[in-house]
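Heads up: the protein sequence lines correspond to chains D and X, in order. In this text, residue positions in the first sequence follow the numbering used here: the first is 36, and each later residue adds one. In this text, residue positions in the second sequence follow the numbering used here: the first is 36, and each later residue adds one. Contents: one structure, followed by commentary.
Protein chains: 2
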Amino acid sequence: MTRAGVQGGGAVAPRAVDVARLAGVSQKTVSRVFNGERYVSEDVRRRVLGAAEELGYRLNSAARALASGRTRAIGVVTLGTALYGPASLLVGIERATRDAGYALRVVNTLEGEPAGIAGAVESLLDQGVDGIVVSEPIDEGPVALGVDVPVLVLGAPAEFGASRVVAAGVAAEAQARAATEHLLELGHVTVHHLAGPQRWFAARDRLTGWRAALADRDRRQPPVIEGDWSAASGYAAGRELAADGEATAVFAANDDMAIGLIRALTDAGLRVPEDVSVVGFDDIPVAAYVTPPLTTVRQQFDAMAREGLRLLVQAIEKPDAEPVPAGDPPVDLVVRASTAPPPAR
Amino acid sequence: MTRAGVQGGGAVAPRAVDVARLAGVSQKTVSRVFNGERYVSEDVRRRVLGAAEELGYRLNSAARALASGRTRAIGVVTLGTALYGPASLLVGIERATRDAGYALRVVNTLEGEPAGIAGAVESLLDQGVDGIVVSEPIDEGPVALGVDVPVLVLGAPAEFGASRVVAAGVAAEAQARAATEHLLELGHVTVHHLAGPQRWFAARDRLTGWRAALADRDRRQPPVIEGDWSAASGYAAGRELAADGEATAVFAANDDMAIGLIRALTDAGLRVPEDVSVVGFDDIPVAAYVTPPLTTVRQQFDAMAREGLRLLVQAIEKPDAEPVPAGDPPVDLVVRASTAPPPAR
DNA sequence: CTCACTTGTGACTGCGCTGTCATGTCTGCG
DNA sequence: CGCAGACATGACAGCGCAGTCACAAGTGAG
Chain D
36 MTRAGVQGGG AVAPRAVDVA RLAGVSQKTV SRVFNGERYV SEDVRRRVLG AAEELGYRLN
96 SAARALASGR TRAIGVVTLG TALYGPASLL VGIERATRDA GYALRVVNTL EGEPAGIAGA
156 VESLLDQGVD GIVVSEPIDE GPVALGVDVP VLVLGAPAEF GASRVVAAGV AAEAQARAAT
216 EHLLELGHVT VHHLAGPQRW FAARDRLTGW RAALADRDRR QPPVIEGDWS AASGYAAGRE
276 LAADGEATAV FAANDDMAIG LIRALTDAGL RVPEDVSVVG FDDIPVAAYV TPPLTTVRQQ
336 FDAMAREGLR LLVQAIEKPD AEPVPAGDPP VDLVVRASTA PPPAR
Chain X
36 MTRAGVQGGG AVAPRAVDVA RLAGVSQKTV SRVFNGERYV SEDVRRRVLG AAEELGYRLN
96 SAARALASGR TRAIGVVTLG TALYGPASLL VGIERATRDA GYALRVVNTL EGEPAGIAGA
156 VESLLDQGVD GIVVSEPIDE GPVALGVDVP VLVLGAPAEF GASRVVAAGV AAEAQARAAT
216 EHLLELGHVT VHHLAGPQRW FAARDRLTGW RAALADRDRR QPPVIEGDWS AASGYAAGRE
276 LAADGEATAV FAANDDMAIG LIRALTDAGL RVPEDVSVVG FDDIPVAAYV TPPLTTVRQQ
336 FDAMAREGLR LLVQAIEKPD AEPVPAGDPP VDLVVRASTA PPPAR
């Protein structure tokens, strides 16, 4: 075969020998350094690490597994039912991946973690992958996804990262717009927005959709309250809104916040939907059963995952073919009992 | 090195050459068959597949990746916040895995899927793993986990599967007992149970704990209603209980069902907790914000994952060492507003 | 009946690493 | 001063597969 494999961009991935040559040692010594073996002098270690850095060397996990007989991987069997709501996006990705004949490597990153998304991507490249899915990312500034494998970004603008990125639309903007319009059509003069953290692209899209719906009808845009997706932050926002007493309709950027919001309004003696209408986002499984049942926007996680993966697999297997963009999924507003016309003045 | 690697049990994993020899063909032809290449006669294909079956041959994914330059894997970057509630178990596993220097391979299986857990495990073995975690399994009859890597089973009796299994206790029984006792201590004569599907070990443990708490105090055990974990099934159960009119206290096997249950009771004109008290299980993020805020048992997903993984990694790296069993995590009953003394007669 | 082409198969090689063994060089101790 | 042991490095083989090329046998057109 021709050595090209992992790095598709033309440049060939450096091997341990290359590092060895540059550092003036044997290939075996490079291996020693990278495995933290004993009996390597400090001087040599530094030279090797320096050379590796310079070349952008990355241990080839397949070769390592083959030679050592150990994969350094642990498998997890999960039951799909445990992963509902936004988590079900992962289930969708898993199934679509398996159907396409690929295996899944999962890395998790928490908001505020120093390594962040870039670190997670690094970790995946170490493991060896043909493609990467970044699910619902946050804006961490200019992330240098200078990666030579195709990247699928779910729920972020296509400009995210640099090269070889395909994006699958989520239509979050249209969905947020529909939610807002629903409230306006009920007769509310304007709609308040309880936004998600604005570092999340998903939160921004929802904010934009809300703004657009109001702007279309020349409605006043009340100040935005920003939550952190949690029910607790929704509760805090609810207290603010109740104290203010202005709002008759609120669009919350996810169901958890909507539920916390409703709780705070109820605690403050306001009735939902008679005094204040609330719309959520996601349609989590309990949304239909909370009090009152929540009007919300259903996310088509499965379709999103399936469609995105189709694009990604195509980018892997037929890099030259023009990506056939995904048709936007239909907006699915589920009207339940948390919305009603505004109270008579 | 000595060929032993993947299969620890002593038997050496068969290679393509072994299959080739048995089938009377070349190694390359075996490769052809397994890659579905053109130009293999039907006769040869059958012979190869037969020989492979006989030997229990499994393509070595590391060698394949090394030779072909393609890993056939796709990486996913998720943000931890999307995985809450039971799903956060996966986050915990992922972090613990990474901290231990391992990578994660995830396979998902849905209830009722023909291949089931055994199929998922097969898929992991195909990918190549040093150990396997089965998270919250269901009883699919005698699952032959005749596997040569250590298996960690979270939330099932140690007898699950066959060999090299370590189990991490979840203390579900004690937790269910505590939930039930809480209701009895409030003065309820007995406690109804809305159980999870009994194929799930987790559901059985909770049922057992409930029974034990009642038996301890010689209380009558009302008939058990079995749900499917969903809020919808909780709602159905709630209608039954409301029609019956007997129950003053219900312990639901998870929060979703508890929320559905409360909704049904409320719809039927019963007040929670004045007329009927309800306890849930899991402490999902919205539990504190639904109406009324839910008394529930908090699951220590993170601790569970961390502890279990410690055992698994030890089984991988020091197969001979006696596993140090995990101390049971403390029971964490979170009392909120959905429970109260029974109504005066 | 020949020639070009399709079909079916095997020999050989190398992917990039780790394990093993050999070979030093440097200590400290009797 | 000589020798055992710790320390430091390299040469070499081989992990199990897929890619490449060679080649034999069958097939249909001219």
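Positions of the beta carbon are idealized from the N, C-alpha and C atoms, including for glycine. Bear in mind the structure is a predicted one, so any value in this text is a computation, not a measurement.
Own chain partners of D/Ala-266 with C-beta closer than 7 Å, once the 5 adjacent residues on each side are dropped: Asp-291, Met-292, Ile-294 and Gly-295
Burial state of D/Val-226 (16 or more Cβ within 10 Å): buried
Chain X contact for D/Ala-272 (CB, 9 Å cutoff): no
D/Ile-260 - partner residues in DSSP beta bridges: For D/Ile-260, which the question treats as bridged, DSSP gives the partners D/Leu-229.
X/Phe-69 - containing alpha helix (DSSP H), residue span: Counting along the chain, the unbroken alpha helix (DSSP H) around X/Phe-69 starts and ends at 62 to 69.
Interface partners of X/Pro-320 on chain D, CB under 7 Å: Ser-265, Ala-266 and Asp-291
Whole-angstrom distance between D/Tyr-137 and D/Ala-131, CA atom to CA atom: 9 Å
Selected residue, minimal CA-CA separation from D/Val-188, among D/Gln-162, D/Ile-109, D/Pro-376 and D/Leu-346: D/Leu-346
Where the beta strand (DSSP E) through D/Arg-140 begins and ends: From DSSP, the beta strand (DSSP E) with D/Arg-140 extends over 138 to 144.
Reference D/Gly-241, options D/Ile-351, D/His-217, D/Ala-213 and D/Asp-165, closest by Cα: According to the sequence displayed, residue 241 of chain D carries Arg and not Gly. Of the candidates D/Ile-351, D/His-217, D/Ala-213 and D/Asp-165, the one whose C-alpha sits nearest the C-alpha of D/Arg-241 is D/Ala-213.
Exposure of X/Ser-96, with buried meaning 16 or more beta-carbon neighbours within 10 Å: Taking all protein chains shown into account, X/Ser-96 has 16 or more neighbouring C-beta atoms within 10 Å of its C-beta and is therefore buried.
From X/Val-68, X/Leu-94, X/Ile-173 and X/Ser-66, residue whose alpha carbon lies closest to that of X/Ala-48: X/Leu-94
Residue-chain proximity (X/Gly-166, chain D), Cβ-Cβ < 9 Å: yes
Per-residue burial, X/Gly-71 [other beta carbons within 10 Å of its own, 16 or more giving buried]: exposed
Secondary structure of D/Ile-319, DSSP reduced to three states: coil
Beta carbon of D/Val-111 nearer than 9 Å to that of X/Ile-128: Yes. Within cutoff.
Expected contact under 8 Å - CB spacing of X/Phe-286 and X/Thr-215 to nearest Å: 5 Å between Cβ atoms; contact.
Cβ-based neighbour list, X/Ala-277, same chain, cut-off 7 Å, excluding 5 preceding and 5 following: Ala-299, Leu-300, Ala-303 and Leu-305
Cross-chain neighbours of D/Tyr-137 in chain X, by beta carbon under 8 Å: Arg-107, Ala-108 and Ile-109
Cross-chain neighbours of X/Tyr-324 in chain D, by beta carbon under 9 Å: Ala-266, Ala-267, Gly-269, Tyr-270, Asp-291, Ile-294, Gly-295, Leu-296, Ile-297, Arg-298, Ala-299 and Val-325
N-terminal and C-terminal residue of the alpha helix (DSSP H) that X/Val-325 is part of: Run containing X/Val-325: none; DSSP gives neither H nor E here.
Closer than 9 Å to chain D by CB, X/Leu-101: yes
For D/Ser-312: DSSP bridge partner residues: D/Ala-284
Minimum Cβ-Cβ distance from X/Pro-328 to chain D less than 9 Å: yes
Any chain X beta carbon closer than 9 Å to D/Gly-163: yes
Whole-number beta carbon distance between X/Asp-161 and X/Val-184, since they are thought to touch under 8 Å: Rounded, the Cβ-Cβ distance is 13 Å, inconsistent with contact.
Selected residue, minimal CA-CA separation from X/Arg-81, among X/Leu-145, X/Arg-99, X/Leu-344 and X/Val-54: X/Val-54
Bridge partner(s) assigned by DSSP for X/Leu-114: D/Thr-144
Interface residues of chain D facing X/Glu-342 [CB-CB closer than 8 Å]: Under the 8 Å cutoff, chain D gives no residues; its nearest Cβ is about 15 Å from X/Glu-342.
Status (buried if at least 16 other CB within 10 Å, exposed otherwise) for X/Glu-220: exposed
Separation of D/Gly-269 from X/Val-321, as counted between CA atoms: 10 Å
Selected residue, minimal CA-CA separation from D/Ala-237, among D/Pro-172, D/Val-68, D/Glu-281 and D/Ala-272: D/Pro-172
Nearest-angstrom beta carbon gap, X/Pro-232 and X/Glu-309 [assumed within contact, 8 Å]: Actually they are not in contact, since the Cβ atoms of X/Glu-309 and X/Pro-232 sit about 31 Å apart, beyond 8 Å.
Coil, strand or helix - X/Thr-106 by DSSP: coil
Beta-carbon proximity of X/Leu-84 to X/Leu-57, cut-off 9 Å: no
X/Leu-218, enclosing alpha helix (DSSP H) - first and last residue: 207 to 220
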